[in-house]
Structure formats: structure tokens, C-alpha cells
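Asks:
Residue numbers (my numbering): 2 to 220.
1. Does residue 209 come out as helix, strand or coil in the three-state DSSP assignment?
2. Beta-carbon within less than 6 angstroms of residue 161's beta-carbon, same chain only, minus the 5 sequence neighbours each way: which residues are those?
3. Can you determine whether any heavy atom of the ligand SAH sits closer than 7 angstroms to the C-beta of residue 198, and answer yes or no?
4. Measuring only the C-alpha atoms, how far is residue 97 from residue 212?
5. Can you name, in chain order, every residue of its own chain whose Cβ lies under 6 angstroms from the Cβ of residue 62, other than the five neighbours on each side?
6. I need the boundaries of the beta strand (DSSP E) containing residue 109, first residue and last residue.
7. Could you tell me the alpha carbon to alpha carbon distance between residue 181 and residue 198, rounded to whole angstroms?
8. Does the segment 46-60 come close enough to the segment 73-87 that 3 or more CB-CB pairs lie under 8 angstroms?
9. Let me know the secondary structure DSSP gives residue 37 once reduced to three states.
10. What would DSSP say about residue 181, mapped onto helix, strand or coil?
11. Near residue 150, what residues of its chain come up, given a Cβ to Cβ distance below 8 angstroms and the 5 sequence neighbours on each side ignored?
12. Would you mind giving the Cβ-Cβ distance between residue 117 and residue 135, rounded to the nearest angstrom? I have them listed as a contact below 8 angstroms.
13. Could you tell me which of 216, 143, 174 sits nearest to residue 37, measuring between CA atoms?
14. Which complete beta strand (DSSP E) runs does the segment 60-119 hold, if anything under 3 residues is left out?
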């Protein structure tokens, strides 16, 4: 009789009973089921390394201004652990001479440094998700302007290597906070014309630190 009663229960009731006793997905299973796309919006400090040369002028160097800018990055997860990240932002740098020539204001250039890194994400710390990465940067210099005494400022576009370390702390399945540090190794050529020195050129070693904090959204 009991077995006949059980068999006569509607299929929807039996399915509901099975659902009620099914374990809830773990946090890792929820993340794994998420979209592979992630966005981050950060406030970014760009801290340059003041180093450079002017050919034929021993004892001289270059210095660059530091800035704070907004930044957007887009990440795609190939697996739970492996992701690619593209960062997008633009900033400017004021260029000054140092050393034997004194501090002369050469001019200013805007910089667009798209950077692509391949990351490894650690997934065994719950909501805390640290990562490391390495990749390539291509820096484009534009809207270059000179100060009095200089003309024809030209900072060359160039490639550089990039390394990074950071973490996301996920507050919910979709939303989190992020902290990230990147180092870009960027050395490029530059040239200008000076009223007293004539045509000058040299090397600009910028090597910026990119230190950012912001908001993470996982689709």
C-alpha cells in the first residue's frame, strides 16, 4: 500500500522533495558558473622613475611628473585560474631636465599605455582572490607640446614589459573591491630642438609604477 502511494505522488512533488534536499552550491561553484567576463574601474596613481639622458650633455638627466587618473580594465577568464587583462587609461607627463643643465621645463606629452597581461588567480582563499600577472605594454605618446626655448618635441612610441600583483575581495557573487600594483618597464627615445643647444636627443627611461584601487564587477 505504501509503495503504491509513493508511486502515485505527482512528479512535481517528487522533484520538489529532491530539490529541497539538494546541497546549495559552494562559493567556488557559484564563481565557476559565472560569466568569464570581469570589469574593474580604478583610481590609478602613476609614479614615474626619473631617469633619462641627453646625448652629448654628460651629467644631465630627465625627470617626469606623477599623476592620478581613472582607469578601466577588462578581464576574460579562460579557466577559474587563468585570465587575460587589458587595462585602458590615459595620462600626461611633464618633462624636465636635471643635473648639469639645471631644471629646465622641456614640455609635456600625453601618454596612452594599453597593457595586456596574462594572470594566474588563486582560488583557495574564499572571497579573497589574489593574483599575479605578466605581459606587454605599448605606450603611445600624443599631443606633445614644448615650453619656451624648445620646439619639435618628439617622444617615440615603444613597447615595454609589465608585471603585476593584486587581489579582488568579492562582497557578493558579482561585486567586489580590487587593489592592484603594476610595474611597466618603459625606455624610449626622444628628441627636440633647443634655441641654445640646437637639435638634441636622448633616452627617456620612465618605468612607471601603476598603483590602483577600485571596484570589481563579475558578469
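All C-beta atoms, glycine included, are put in the ideal place defined by N, C-alpha and C.
Replies: Well, looking at it:
1. If you number the chain shown from 1, residue 209 lands on position 208. In this structure, residue 209 counts as coil in the three-state DSSP scheme.
2. Here the question's residue 161 lines up with position 160 in the chain shown. Excluding residues within five positions, the ones whose Cβ falls inside 6 angstroms are 138, 185, 186, 187.
3. As presented, the structure is devoid of all ligands, the ligand SAH included, so that no description of it is given.
4. Walking along the chain shown from the start, residue 97 turns up at place 96. Walking along the chain shown from the start, residue 212 turns up at place 211. So the alpha carbons of these two residues sit roughly 23 angstroms apart.
5. Translated into positions along the chain shown, residue 62 becomes position 61. Counting only Cβ-Cβ distances below 6 angstroms, and skipping sequence neighbours, we find 53, 99, 100.
6. Sequence index remark: in the chain shown, residue 109 carries index 108 (1-based). Per DSSP, residue 109 belongs to the beta strand (DSSP E) from 106-113.
7. Position 180 of the chain shown, counting from 1, holds the residue named residue 181. Position 197 of the chain shown, counting from 1, holds the residue named residue 198. C-alpha separation (whole angstroms): 42 angstroms.
8. no
9. Your numbering for residue 37 matches position 36 in the chain shown. Reduced to three states, the DSSP call for residue 37 is coil.
10. Position 180 of the chain shown, counted from the first residue, corresponds to residue 181. Strand.
11. Counting from 1 along the chain shown, the entry for residue 150 is found at position 149. Correct list, in chain order: 105, 195, 196, 197.
12. Counting from 1 along the chain shown, the entry for residue 117 is found at position 116. Counting from 1 along the chain shown, the entry for residue 135 is found at position 134. In fact, because the Cβ distance is near 10 angstroms, the residues do not count as touching under 8 angstroms.
13. Numbered from its first residue, the chain shown carries residue 37 at position 36. With distances taken between Cα atoms, residue 37 lies closest to 174.
14. 61-65, 68-78, 83-89, 92-100, 106-113
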